[in-house]
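Novice: There's a structure below that I have some questions on.
Residue numbers (UniProt numbering): 1 to 218.
Structure below.
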């Protein structure tokens, strides 16, 4: 809920009780902005965006009841990104306040930190990725099969960071490791290929190559 308070003569609008300089939503989500209005004589309310005055449509509804002006975007798209202005006006004067809306087109962000490195048999390897939002549900796979936590594989999560720890690296650990993140009916994955090559009796090279792909969950 977004509301405003800027006094001007007998026409006023209230600033946020819980201030929001900007609001973030995922593309496809609904969002409601609310502006408290007071004043006499009768006040008219309008909502504006950079491209002009907003009008009611199948995806945009507006209401002004009991001193509260409401703007609701039913299903946000990337075109809904921007600054929204609520303007209250009567013959005495006018008042307005604004709120920035950020529409995220991608639900997850992966920051790949895989690299070539030299490992000794018996050492540990780590896959790391960063996701957004941090509430997304993640799982790990090897060669298309789900991995379970155990003595060999450890999963850790700290805020947006997700890590897969592979304990006691061996030749049998060669393969493709995938982090899968799901949220609100959508899925994205990132895959790294771990190649363990024998260099000497005690040392092996882990060659990490990776690719990312998006897919929708039906």
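Just so you know, even glycine gets a beta-carbon here, dropped at the ideal spot from N, CA and C.
(1) Pairs of beta-carbons, one from the region 164-182 and one from the region 120-139, closer than 8 Å: are there three or more?
(2) Rounding to the nearest angstrom, what Cα-Cα distance links residue 112 and residue 102 in this structure?
(3) Anyone know if the C-beta pair for residue 166 and residue 124 falls short of 9 Å?
(4) Check for me: the beta strand (DSSP E) holding residue 148 runs from which residue to which?
(5) Could you compute how far the alpha carbon of residue 170 sits from the alpha carbon of residue 121?
(6) Using the Cα positions of residue 52 and residue 63, report the straight-line distance between them to the nearest angstrom.
(7) Give me whichever residues DSSP pairs with residue 126 in a beta bridge.
(8) What are the uninterrupted segments assigned as alpha helix (DSSP H) that are 4 or more residues long and contained completely in the UniProt domain "Ig-like" (16-102), given in chain order?
(9) Residues in its own chain within less than 6 Å of residue 109 by CB, not counting five upstream and five downstream?
(10) Beta carbon of residue 47, beta carbon of residue 71: below 9 Å?
(11) Per DSSP, residue 158 is paired with what?
(12) Spatial neighbours of residue 89 within its chain, please: CB distance less than 6 Å, with the 5 preceding and 5 following residues excluded, ordered by chain position.
(13) Among the residues of its own chain, which have a CB less than 6 Å from the CB of residue 85, if the five just before and after it don't count?
Specialist: In terms of the structure at hand:
(1) yes
(2) Because the pLDDT of residue 112 is 47, which lies under 50, any placement of that residue in the model is unreliable, and the question is left without a value.
(3) yes
(4) Taken as a continuous stretch (DSSP letters only), residue 148 belongs to no beta strand (DSSP E), as it is neither H nor E.
(5) 6 Å
(6) 18 Å
(7) 165
(8) none
(9) In this predicted model, residue 109 has a pLDDT of only 49, less than 50, meaning its place in the structure is not dependable enough to derive any value.
(10) yes
(11) 161
(12) 44
(13) 48, 96 and 98
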